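Chemist: Residue numbers (our numbering): 44 to 291. By construction, the Cβ of each residue, glycine as well, lies at the ideal position given by its N, Cα and C atoms. Note that this is a predicted model, so its numbers are computed, not measured. What follows is a structure written as structure tokens; I'll ask about it next.
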């Protein structure tokens, strides 16, 4: 019986953690927040991973539920707190009913993530269990395109590293942005996105990111998917040797 429903457990079980609603710039925003249970192996404050979905629906879609669950499991293994902020409906004008991150409402969504540490500092365990000023970005699809914009153009964003999965494009570059660690992963058969993502990797190298040092670029033989097979590798790369805000 268990074997039959086990592959669908992410869809059947309630979402882990807590749901929070906050006001940012007059808009009602929402995020899901999860902190692993305390273990004897914990040392100091855990970093926080900020996970952005691709297209979603008003009721959290099945693929988003699965993604959040798998990152909660990764949080238990790799010892980080996890927050999944939700985008805004209307952010992707071609499909206005979906919840997304850009191109519409770009300024509003940037402000939301920039102010996210203020809201996390109100959570139980802030400053003891987890550090709200040590944030690492993970974006999938539309969330990854949004992340590439933040990475390359907005030095005031609070993230110490970026994982861009199945999305991203070098729209512009601000010389003031710090060269944070970047992990890029994409499907070589993702027909609508792979060329954009390759241009992003090339642009980062041209602007001083170094492969193997602060940049890892990977392709897998699949299409437009979240490649969960690299989740532990990507997170270990980002979370090892924590930088601090203000570091170049």
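1) For the pair the region 100-117 and the region 187-196, tell me if three or more CB-CB distances fall below 8 Å.
2) Measure the C-alpha to C-alpha separation of residue 55 and residue 271 and round it to an integer number of angstroms.
3) So, using beta-carbon positions, are residue 66 and residue 73 closer together than 7 Å?
4) Please work out which residues of its chain come closer than 6 Å, Cβ to Cβ, to residue 18, disregarding the five sequence neighbours upstream and downstream, and give them in chain order.
5) Any idea what DSSP makes of residue 160, helix, strand or coil?
6) Answer yes or no: do residue 92 and residue 173 have a C-beta to C-beta separation smaller than 7 Å?
7) Where does residue 276 sit, in a helix, a strand or coil, going by DSSP?
8) May I have the straight-line CA-CA distance separating residue 154 from residue 175, to the nearest angstrom?
9) Any idea if residue 187 is buried or exposed, counting beta-carbon neighbours within 10 angstroms, 16 or more meaning buried?
10) On a Cα-Cα basis, can you pick out the residue from 218, 212, 151 that is closest to residue 228?
11) How long is the line joining the alpha carbons of residue 240 and residue 214, rounded to whole angstroms?
12) Of all the options 189, 59, 205, 106, which has the alpha carbon lying nearest to the alpha carbon of residue 281?
13) Hey, residue 269 and residue 183 are a contact pair by Cβ (cut 8 Å); roughly how many whole angstroms apart?
14) Could you round the C-beta distance between residue 138 and residue 101 to whole angstroms and report it? I think they count as a contact, below 8 Å.
15) Is it buried or exposed for residue 233, if we count other Cβ within 10 angstroms and need 16 for buried?
Modeler: Answer, in terms of the structure:
1) The region 100-117 vs the region 187-196: no contact.
2) Straight-line Cα distance between these residues: approximately 20 Å.
3) Taking 7 Å as the Cβ cut-off, residue 66 and residue 73 do not qualify as a contacting pair.
4) The requested residue 18 is not part of the displayed model; the chain covers only 44 to 291.
5) In the structure shown, residue 160 adopts helical secondary structure according to DSSP, grouped into three states.
6) no
7) In the structure shown, residue 276 sits in a helix (DSSP, three-state: H, G or I).
8) For residue 154 and residue 175, the distance between alpha carbons rounds to 16 Å.
9) buried
10) The shortest Cα separation from residue 228 among 218, 212, 151 belongs to 212.
11) Between residue 240 and residue 214, the C-alpha separation is close to 11 Å.
12) 205
13) 5 Å
14) 13 Å between Cβ atoms; not a contact.
15) buried
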